[in-house]
Each structure stands twice: as C-alpha cells, then as structure tokens.
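The sequence shown begins at 2 in the numbering used here and counts up one residue at a time. All C-beta atoms, glycine included, are put in the ideal place defined by N, C-alpha and C. Working notes, beginning with the structure itself.
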Amino acid sequence: MAAEGLDDDYLAKRQLRRGTAGWVLLAGLGVSYVISGDFAGWNFGIAEAGWGGFAIAAALMALMYFTLVLSLAEMSAAIPAAGGGYSFARQAMGPAGGYLTGLAVLIEYALAPAAIVIFIGAAVEELLGVNGPVVYAVFYAVFIAIHLAGVGEALKVMMVISGLAVFAILATAIALIGDFDTANLFDMATTDAVGASSFLPMGWYGVWAALPFGMWLFLAVEGVPLAAEEAKNPARDVPKGIIGAMIFLLGTAVLVLFLLAGAAGAQAIGESGVPLVTALKESGSETLGTVVNVLGLAGLIASFFSIIYGYSRLVFALSRAGYLPQFLSLTSSRKAPSWALIVPGVLGFLVSLSGAGDLILGMAVVGATLSYALMALSHILLRVNQPQLERPYRTPGGIVTSGIALVLSLVALTGVYAFDPRAFGYTLILFAVGAAYFFLFSRHHLVAKTAEEEFALLARAESDLDGEGAAEGSS
C-alpha cells in the first residue's frame with residue numbers, strides 16, 4: 002500500500018530521462034568512476050606488503066570485483082532501477098535490507114567526492130599555487146552545474162575527461178615497456194614478519210593490510226547500475242556496460258601494477274604520491290612525466306564528476322521511495338534530480354573542509370565493502386527465493402560466483418580495519434546513525450512496501466505522461 006500523502010502526480014514529478022545512455026556510455030561511466038585510482042593511492046599497498054604481497058592483494062580484489070560485477074549484471078537486467086544495489090536488496094530482503102544496503106553505498110558515494118576534491122586541490126596547488134575551500138567550492142559548483150544541464154550532456158563531458166586520463170595511462174605504459182626489469186619488483190628489504198620472503202617482504206599480514214589499496218584499482222565500478230533507468234535498453238546495456246568497464250579496468254590495473262614498479266622499483270613506487278610521474282622521471286621521460294602530471298588531474302576530475310552522478314541517482318531513488326526526505330527526488334524540466342545533486346554536494350563540501358582526505362577515503366571504502374557483502378547476498382537470496390524472476394542476463398556460475406564475492410568482501414572489510422581502525426569505527430557510527438533514522442522515522446513513510454509496487458507506480462506515471470503527450474500532439 003502506498004504511503005500516506007502520496008498524490009496522483011507524485012511519481013510524474015520524479016522521473017529521469019529514459020533512453021539516454023547506450024552500453025558504451027555506461028562502460029565509460031564505469032571507467033570514469035574508477036580511473037583516478039590508477040594514478041595514485043593503490044601504490045601505497047606496495048609499501049604495506051611489498052610488490053608480491055600487493056600483487057596477491059590486488060588479484061584477490063580483482064576477483065572480488067569481477068564476481069560482484071557478474072552478479073550485479075544479472076540483477077541490473079532483471080531490476081532496472083536507479084537505486085542500483087539498494088533496489089536489488091529491497092527486492093531480496095525487503096525495505097530494511099534495501100535501506101541498509103543503500104545507506105552503505107551512500108556512505109561510499111557521498112564521502113568519496115569529498116576525499117577526491119581534497120586530492121584535486123593538492124594537484125591544483127602544484128600547477129597553479131592555489132588550494133583550499135575556494136578550489137573545493139569551485140569544483141563542486143561547476144560539475145554539479147554540468148549535471149543539472151542533463152544526463153546526456155554530463156555523460157559526454159565525462160567521456161572526454163576520462164579519455165584524457167586513459168591516454169595518460171597508455172602513454173606511460175608504452176614509455177616504460179623498454180625499462181621493465183623483473184629485479185626491480187623485489188628491491189624492498191625483507192622483514193622478520195611471519196611468512197616474510199623476498200616475494201612477501203612484509204609477510205602475510207602485509208597482504209591483509211594491502212587489501213584496501215587493491216580495491217582502489219576498481220572502487221566504484223559497481224555504480225554502473227545506478228544509470229539503469231536512463232539506459233536505452235537496460236536489460237542489454239547495463240550488463241554489457243558494467244562487464245566491459247570491469248574488463249578494461251583489469252587491463253589498466255595490470256599495466257600500472259607491473260610496469261611502474263618494474264621500471265622504477267617497488268620501493269620508489271610504494272613511497273610516491275604520483276607513481277606514474279615517478280616512474281617516467283626515473284626512466285628519463287621527464288617531458289611525458291610533466292604531461293601525465295597534468296592529465297592526472299583529469300583522472301581525479303573524471304572520478305569526482307562521475308561519482309557525483311552516482312550519488313545523485315542513489316539519493317533520488319532512496320528519496321522517491323520515501324527512505325530520505327521526498328523533496329530530494331524532485332526532477333527538473335531536464336529530468337535532472339536537482340536536489341539530489343545539490344544537497345549531498347553541499348554536505349560533501351563541508352566534509353572536505355576537514356582536509357582529512359585519507360580518513361574520508363578510508364570511511365568510503367568501509368561503506369563500499371559493507372555494500373558489496375549485502376549486494377552479493379541479495380543475488381544469492383534472489384536466486385534461491387525468486388527463481389521465477391525474469392533474468393535477461395544470468396550470472397555465470399550462479400550463487401557460487403556471488404558467494405565468492407560475499408566472502409571476499411567480508412575479508413576486505415577486515416582488511417580496512419587492519420589498515421585504519423579509526424576509519425572503520427567512524428563509519429560504523431555513521432552507519433548506526435543512518436540506520437536509526439530509518440527504524441525510528443522513514444520506515445513509516447515509505448511510498449511502496451516492495452520494489453514491485455514502486456516499479457508498478459513508476460510504470461503508471463510514465464503511462465499517464467505518455468497519454469498526456471499524445472493528447473497534446475493530437476490537439
């Protein structure tokens with residue numbers, strides 16, 4: 002039954018622009034979410050575990066993301082809604098499970114831009130000598146404004162920015178191939194940790210602590226299904242888009258993991274704030290290093306820009322369903338979720354004023370791993386409890402595949418604790434506050450009790466709008 006106060010045009014005012022994105026744009030969105038991770042951050046995992054230990058951690062996280070992506074591809078084709086993981090969990094576990102999954106994703110997507118804009122500020126300072134709140138405010142304002150212009154325009158701008166970042170990675174790889182030396186991968190001193198060797202200089206504990214850095218090579222690719230309602234053919238385009246993005250990101254991860262340390266040495270790369278630039282300068286390609294340093298800013302901007310898109314679609318979906326204040330899901334004449342773009346942007350800007358980029362990023366990773374476990378569990382429950390659900394795409398391996406994603410996401414969650422207990426604790430407090438909001442208030446104000454009811458209401462609203470459009474055309 003619909004929530005109290007739901008009038009006839011409620012959903013008519015809360016619709017996104019359909020048919021905007023094909024699978025190529027969706028794959029580009031997936032790459033854009035992640036691409037900044039190839040430029041910096043992941044390499045600190047080498048400092049935690051040595052090259053061999055980080056290679057194991059990165060391989061485990063690649064397996065986690067690939068199995069999760071295959072599971073999401075099935076659910077996004079069967080349940081093409083803007084809420085992504087929230088929508089899947091709502092269908093599998095009811096309103097509470099849906100909200101808690103959406104809350105975990107929201108923590109990731111709301112905090113990540115705040116961390117990234119701090120890193121953007123540092124890059125702008127290197128180039129122009131300007132940093133701080135003014136830089137953060139300008140970047141939030143400009144890129145939210147582009148999103149307000151409409152999804153088609155936003156995704157095209159995003160593709161151009163991402164293309165520049167990908168060019169920088171490929172150019173770096175080509176420049177470094179001739180300098181690759183296997184010995185450089187193992188130039189770190191071996192410690193006396195349990196299991197330590199030249200391959201694992203920090204032992205097995207290092208592998209565990211390096212798991213969050215392995216995630217940084219793929220973090221946020223799971224956001225592609227958030228664009229499902231704007232896809233041309235969701236059942237076909239979303240699975241192709243998210244799988245295509247993941248395969249591409251596996252390729253770029255292999256390039257940076259092997260070639261940078263192989264050219265400049267694991268020790269140097271593990272300590273570098275700009276690993277691509279460090280590797281190029283060590284190999285004598287200083288001019289290209291300067292170019293890549295500039296294009297590294299494009300990588301940060303691409304991820305910042307696309308994650309703003311992601312959080313807006315998630316907030317839109319949670320608000321439309323009544324989990325969050327309902328004004329947040331109102332859409333403009335361009336079908337852009339205006340308040341869902343602006344309000345989290347303002348909150349993210351305020352968080353960025355702390356300047357604690359590493360802590361904020363750690364909290365985003367905790368939210369991500371929680372959401373991965375819940376999304377993988379959703380796939381298993383849907384397979385077991387709703388075998389009749391129409392699935393245009395089916396995950397190879399079924400629940401075995403999603404079971405691997407579930408186990409590895411829980412292992413990754415413990416890895417975040419091993420690296421940064423403070424981020425782990427703060428995120429659990431934030432999660433508890435968000436959960437209390439649901440159980441004390443918003444669960445009494447839901448628009449529909451199940452995902453099917455919400456989709457039925459959406460279909461009715463669309464039908465009404467189509468009828469109005471036809472009537473106007475004939476008059």
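(message) DSSP three-state label for A322, please.
(response) coil
(request) Could you check if V293 is buried or exposed, using at least 16 other CB atoms within 10 Å of its CB as the buried criterion? (result) buried
(request) Take P326 and list the residues in its own chain whose beta-carbon comes closer than 7 Å to its own, dropping the five residues that flank it on each side. (result) Hits under 7 Å: S320.
(message) Quick test of the definition: if touching needs 3 or more C-beta pairs under 8 Å, does the stretch 250-267 touch the stretch 117-126?
(response) no
(message) Three Cβ pairs or more, each shorter than 8 Å: is that satisfied between the stretch 74-93 and the stretch 379-393?
(response) yes
(message) How far does the alpha helix (DSSP H) with K241 in it extend, from its first residue to its last?
(response) P235 to A265
(request) Indicate whether E1 and A211 have their beta-carbon atoms separated by less than 8 Å. (result) What the structure shows of the chain is the stretch from 2 to 476, and residue 1 is not part of that stretch, so it cannot be assessed.
(request) Please classify A551: does DSSP put it in a helix, a strand, or coil? (result) The structure shown does not extend to residue 551, since the chain spans only 2 to 476, so no value can be given for it.
(message) For D421, count the other beta carbons within 10 Å of its own beta carbon; 16 or more makes it buried, fewer makes it exposed. Which is it?
(response) buried
(message) Quick check: what's the CA-CA separation for L329 versus G311?
(response) 14 Å
(message) Assuming G215 and W205 are in contact, meaning their beta carbons sit under 8 Å apart, how far apart are those beta carbons, in whole angstroms?
(response) Rounded, the Cβ-Cβ distance is 15 Å, inconsistent with contact.
(message) Could you give the first and the last residue of the continuous alpha helix (DSSP H) run that contains R423?
(response) P422 to L441
(message) Can you tell me whether A174 is helix, strand or coil according to DSSP?
(response) helix
(message) Counting C-beta neighbours from all protein chains within 10 Å, is the total for N386 16 or more, i.e. buried, or is it exposed?
(response) exposed
(request) Go through its chain and collect everything with a Cβ distance to A341's Cβ below 6 Å, but skip five positions before and after it. (result) S313, V316, F317 and L329
(message) Classify G323: buried if its beta carbon has 16 or more other beta carbons within 10 angstroms, exposed otherwise.
(response) buried
(request) Using beta-carbon positions only, say whether L69 and A406 come within less than 8 Å of one another. (result) yes
(request) Going by CA-CA distance only, name the one from Y438, G297, G122 and V208 that's closest to D39. (result) G297
(request) Can you tell me which of A166, D180 and Y66 puts its alpha carbon nearest to the alpha carbon of I244? (result) Y66
(request) Determine the direct distance from the alpha carbon of L362 to that of L177, and round the result to whole angstroms. (result) 29 Å
(request) Give the secondary structure of A457 by DSSP, where H, G and I count as helix, E and B as strand, and everything else as coil. (result) helix
(request) Find out if the Cβ-Cβ distance for the pair G252, L27 is shorter than 8 Å. (result) no
(request) Run the CB neighbour count on I162, radius 10 Å, all protein chains shown included, and call it buried at 16 or more, exposed below. (result) buried
(request) Count the other C-beta atoms from every protein chain shown that fall within 10 angstroms of the C-beta of A437, then say buried if there are 16 or more, exposed otherwise. (result) exposed
(request) Out of G84, A246 and S443, point me to the one whose CA is closest to A63's CA. (result) A246
(request) Look at the alpha carbon of A374 and the alpha carbon of L411, and state the distance between them as a whole number of angstroms. (result) 6 Å
(request) Quick one: grab the DSSP three-state call for Y137. (result) In this structure, Y137 counts as helix in the three-state DSSP scheme.
(request) Would you kindly work out how many angstroms separate the C-alpha atoms of A303 and G51, rounded to a whole number? (result) Spanning the two alpha carbons is a distance of roughly 29 Å.
(request) Examine the Cβ distances between the stretch 346-356 and the stretch 127-146 and report whether three or more of them are shorter than 8 Å. (result) Judged by Cβ distances under 8 Å, the stretch 346-356 makes contact with the stretch 127-146, as three or more pairs qualify.
(message) I'd like to know whether the C-beta atoms of A267 and L186 end up nearer to each other than 8 Å.
(response) yes
(message) Output needed for T396: all residues of its chain with C-beta closer than 8 Å, excluding positions within five of it in sequence on either side, in chain order.
(response) L71, S72, A74, E75, H380, T402 and S403
(message) Just to confirm my understanding: we take L289, look at its own chain, exclude 5 residues before and 5 after, and list those with CB closer than 6 Å. What are they?
(response) A176 and L281
(request) Have a look at F306, G426 and A105 and flag the residue whose alpha-carbon is nearest the alpha-carbon of T370. (result) A105
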